[in-house]
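Q: First the structure, which I've put down as structure tokens, then a few questions once you've had a look.
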DNA sequence: GTCTATACGCCGATAGAC
DNA sequence: GTCTATCGGCGTATAGAC
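Chains as they are written, first to last, in the numbering used here: chain A, 5 to 234; chain B, 5 to 234.
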């Protein structure tokens, strides 16, 4: 049964997670304690403004433990991100393969839903997921490029292939731009959760995802105005 | 006559700008030297990872001069950003007011073009503009929120008003979400310039803006699926 | 008004004791 | 596997020279 647990208290702010795994509730191994603390602090303050000292202190471990387990601050950042994103992307591929085999005809809408459903489920368990994914696109490219390519390279290619099968009239190059714009809308939503002036909660986030699906579908499936240049 | 000038050489990389102002070519005042150097370094490495020492050294001024002129690192960041964005936003309002008065009927396309034309012109003069605007959305909110509200609050409201006049069937709340998604696509384009795998040049940037206009127009003008909740 | 010199506490990283 | 000590570099601030 999923329930909400307090991870720790830092500067009078509480940090939470939702889990059904007893190991998560009171992590016994040092790696997990460091990852949990780092996730909260990277999300809150960004990579460069978060010190390993602050992470070690929040996690209740020695400073040198961060280097022992993750080699460097960069390595820790990549590990935090991978732990968050890998399960989402695995679920995406499972869903996409499933609907590719079962749905006739396959629609752009279904493809998009297989992309966003695993994300929404992950956000339900851990409300830091949007901000964490937002962060990776926010940090300088020198830090994030290798991480982004490793975690998203395969899945971006797979989704563009699926979309090109669903939208055969849109040239590949045009489709990759449209996919790029969709990712941009998504990242912006993840980073800011809601338009300026709206307070952001889980339900406004869901409502935003829902509206973004409409927006992305309209943009992706628009008639092609350009000539192919073969 | 616009021409390209080398600003300075840092770690074997050259930083440029395009200008027709003699004062820009060899800036004599310390403020400008600091602003130029800071712009390059903030774009390249991000806010937190750029040291005032590196800025002062690149600008050829004393470390303490940065505090004398800009009060703090935050103040310097805000000044760099304001110098870049203020002229663009002034031009946007001029254009928007012009077409609002002269065009019958006013179209969503025209409104969007008045938003992007001043940006494209600024990028032609200074190729760091996209990355610089991208950066402000990438830094932690505690740094950027006051800056974003001051520089973009008024213009975002003005454009949403213009769009709501052009698209009277779309409820205000729905329109503000769609505008939010458009800004997201734009920021993503500014930050990454082109889809992964495409090298980014000025002409690919222009082509991206052009395609994004189509994408945004399709999303903004899509028929409304939702009920008004009055 | 403009700029220099200097100081303080915190940073990532590492070497080596246990 | 954990911890202490330590290094050079950092952001920031300020006192005071010109």
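Ideal placement from N, C-alpha and C gives every residue a C-beta, glycine not left out.
1. Measuring CB to CB, does residue 115 of chain B end up less than 7 angstroms from residue 167 of chain B?
2. With residue 224 of chain A and residue 171 of chain A assumed to form a contact (beta carbons below 8 angstroms), what rounded beta-carbon distance in angstroms separates them?
3. Can you name the start and end residues of the alpha helix (DSSP H) that residue 154 of chain A belongs to?
4. Examine chain A for any beta-carbon lying closer than 7 angstroms to the beta-carbon of residue 226 of chain B, and answer yes or no.
5. Just checking: is the beta-carbon of residue 144 of chain A within a distance shorter than 7 angstroms of some beta-carbon in chain B?
6. Against chain A, does residue 73 of chain B count as a neighbour if the rule is that its beta carbon must be under 7 angstroms from one of theirs?
7. Indicate the three-state DSSP secondary structure (helix, strand or coil) for residue 129 of chain A in the structure shown.
8. Taking DSSP as the reference, what is the three-state secondary structure of residue 66 of chain B?
9. Please decide whether residue 128 of chain A counts as near chain B, where near means a Cβ-Cβ distance under 7 angstroms.
10. Determine whether the beta carbon atoms of residue 189 of chain B and residue 185 of chain A lie at a separation below 7 angstroms.
11. Using a C-beta cutoff of 7 angstroms, does residue 165 of chain B count as contacting chain A?
12. Answer yes or no: does any C-beta atom of chain B fall closer than 7 angstroms to that of residue 188 of chain A?
13. Distance check for residue 197 of chain A and residue 209 of chain A, CA to CA, integer angstroms please.
14. Going straight from the alpha carbon of residue 131 of chain B to that of residue 35 of chain A, what length do you get?
15. Per DSSP, what kind of secondary structure is residue 230 of chain B in: helix, strand or coil?
16. Could you check what DSSP says for residue 174 of chain B in three-state terms: helix, strand or coil?
17. So the alpha helix (DSSP H) residue 82 of chain B belongs to, where does it begin and stop?
18. Considering only residues of the same chain and omitting the five flanking positions on each side of residue 109 of chain A, which have a CB-CB separation below 6 angstroms?
19. Helix, strand or coil for residue 205 of chain A per DSSP?
20. Are at least three pairs of beta-carbons, each pair with one atom in the stretch 44-60 of chain A and one in the stretch 149-158 of chain A, less than 8 angstroms apart?
21. Just tell me which of A:217, A:221 and A:227 has its CA closest to the CA of residue 120 of chain A.
22. Contact defined as beta carbons within less than 8 angstroms: I believe residue 144 of chain A pairs with residue 49 of chain B. What is the distance between those atoms, to the nearest angstrom?
23. Listing by chain order, which chain B residues have their CB less than 8 angstroms from the CB of residue 178 of chain A?
24. Quick check on the DSSP output: the alpha helix (DSSP H) that includes residue 41 of chain A runs from which residue to which?
25. Give a yes or no on whether the C-beta atoms belonging to residue 84 of chain B and residue 39 of chain B are separated by under 7 angstroms.
26. Could you give the distance in angstroms between the alpha-carbon of residue 65 of chain A and the alpha-carbon of residue 78 of chain A?
27. Kindly say whether residue 50 of chain B, judged by its beta-carbon, lies nearer than 7 angstroms to any beta-carbon of chain A.
28. Between B:75, B:67, B:71 and B:93, which has its C-alpha nearest residue 160 of chain B's C-alpha?
29. If you run the structure through DSSP and keep just helix, strand and coil, what is residue 54 of chain B?
30. Work out the CA separation of residue 69 of chain B and residue 41 of chain A for me, nearest whole Å.
31. Just confirm the distance between the C-beta atoms of residue 182 of chain B and residue 219 of chain A, as a whole number of angstroms; I'd bet it's less than 8 angstroms.
32. Measure from the alpha carbon of residue 111 of chain A to the alpha carbon of each residue in A:173, A:169, A:227 and A:33, then state which is nearest.
A: In brief:
1. Taking the first residue of the second chain as position 1, residue 115 of chain B is located at position 111. Taking the first residue of the second chain as position 1, residue 167 of chain B is located at position 163. It is a contact, given that the beta carbons lie within the stated cut-off.
2. Taking the first residue of the first chain as position 1, residue 224 of chain A is located at position 220. Taking the first residue of the first chain as position 1, residue 171 of chain A is located at position 167. Their Cβ separation, rounded to whole angstroms, is 7 angstroms, which keeps residue 224 of chain A and residue 171 of chain A in contact under 8 angstroms.
3. Stepping through the first chain from its first residue, residue 154 of chain A is reached at position 150. Taken as a continuous stretch (DSSP letters only), the alpha helix (DSSP H) holding residue 154 of chain A covers 145-170.
4. Within the second chain, residue 226 of chain B is the residue found at index 222, counting from 1. Judged by the 7 angstroms Cβ criterion, residue 226 of chain B is in contact with chain A.
5. Along the first chain, read from residue 1 onward, the residue named residue 144 of chain A stands at position 140. Taking 7 angstroms as the CB threshold, residue 144 of chain A lines the interface with chain B.
6. On the second chain, residue 73 of chain B is found 69 positions in, with the first residue counted as 1. Cβ-Cβ to chain A under 7 angstroms: no for residue 73 of chain B.
7. What you label residue 129 of chain A is simply residue 125 of the first chain in a count that begins at 1. Reduced to three states, the DSSP call for residue 129 of chain A is helix.
8. Looking up residue 66 of chain B in the second chain gives position 62. Three-state result, residue 66 of chain B: coil.
9. The count along the first chain starts at 1 and reaches residue 128 of chain A at position 124. So, not an interface residue.
10. Position 185 of the second chain, counted from the start, is the residue given in the question as residue 189 of chain B. Position 181 of the first chain, counted from the start, is the residue given in the question as residue 185 of chain A. In this structure, residue 185 of chain A lies closer than 7 angstroms to residue 189 of chain B by Cβ.
11. The residue labelled residue 165 of chain B in the question sits at position 161 within the second chain. So no, residue 165 of chain B is outside the interface.
12. Taking the first chain and counting its residues from 1, the one referred to as residue 188 of chain A is at position 184. Output row for residue 188 of chain A: interface = yes.
13. Taking the first chain and counting its residues from 1, one reaches residue 209 of chain A at position 205. Taking the first chain and counting its residues from 1, one reaches residue 197 of chain A at position 193. Looking at the two C-alpha atoms, the distance is approximately 6 angstroms.
14. Numbered from 1 along the second chain, position 127 holds the residue referred to as residue 131 of chain B. Numbered from 1 along the first chain, position 31 holds the residue referred to as residue 35 of chain A. Whole-angstrom Cα-Cα distance: 43 angstroms.
15. Here residue 230 of chain B refers to the residue found at position 226 of the second chain. Residue 230 of chain B falls in the coil class under three-state DSSP.
16. One-based indexing of the second chain puts residue 174 of chain B at position 170. Coil at residue 174 of chain B, not helix or strand.
17. As a working note, residue 82 of chain B is residue 78 in the second chain. Where residue 82 of chain B is concerned, the enclosing alpha helix (DSSP H) stretches over 77-106.
18. For this step, residue 109 of chain A is matched to residue 105 along the first chain. If we look at residue 109 of chain A and ignore the five residues flanking it on each side, it has no Cβ neighbours.
19. Here residue 205 of chain A is taken as the residue at index 201 of the first chain, counted from 1. Residue 205 of chain A falls in the coil class under three-state DSSP.
20. no
21. Looking up residue 120 of chain A in the first chain gives position 116. For the residues A:217, A:221 and A:227, the minimum Cα distance to residue 120 of chain A belongs to A:217.
22. By 1-based counting over the first chain, the position of residue 144 of chain A is 140. By 1-based counting over the second chain, the position of residue 49 of chain B is 45. Right, the Cβ-Cβ distance comes to about 6 angstroms (below 8 angstroms), so this counts as a contact.
23. Reading the first chain from its first residue, position 174 is the one you call residue 178 of chain A. The contacting residues are 215.
24. The sequence position of residue 41 of chain A within the first chain is 37, counting from 1. Residues 34-49.
25. Numbered from its first residue, the second chain carries residue 84 of chain B at position 80. Numbered from its first residue, the second chain carries residue 39 of chain B at position 35. Their beta carbons are under 7 angstroms apart, which means residue 84 of chain B touches residue 39 of chain B by this criterion.
26. As a position in the first chain, residue 65 of chain A is number 61, starting the count at 1. As a position in the first chain, residue 78 of chain A is number 74, starting the count at 1. Computed Cα separation, rounded: 18 angstroms.
27. Taking the first residue of the second chain as position 1, residue 50 of chain B is located at position 46. Yes, residue 50 of chain B lies at the interface with chain A (some Cβ there is under 7 angstroms from its Cβ).
28. For the purposes of this step, residue 160 of chain B is identified with residue 156 of the second chain, where counting begins at 1. It is B:93 whose Cα lies nearest to the Cα of residue 160 of chain B.
29. Within the second chain, residue 54 of chain B is the residue found at index 50, counting from 1. Assigned with DSSP and collapsed to three states, residue 54 of chain B falls in coil, not helix or strand.
30. Numbered from its first residue, the first chain carries residue 41 of chain A at position 37. Numbered from its first residue, the second chain carries residue 69 of chain B at position 65. If you take the alpha carbons of residue 41 of chain A and residue 69 of chain B, they lie about 37 angstroms apart.
31. For the purposes of this step, residue 182 of chain B is taken as residue 178 along the second chain, with counting starting at 1. For the purposes of this step, residue 219 of chain A is taken as residue 215 along the first chain, with counting starting at 1. Correct: roughly 6 angstroms between the Cβ atoms.
32. As a position in the first chain, residue 111 of chain A is number 107, starting the count at 1. That would be A:169, whose Cα lies nearest to the Cα of residue 111 of chain A.
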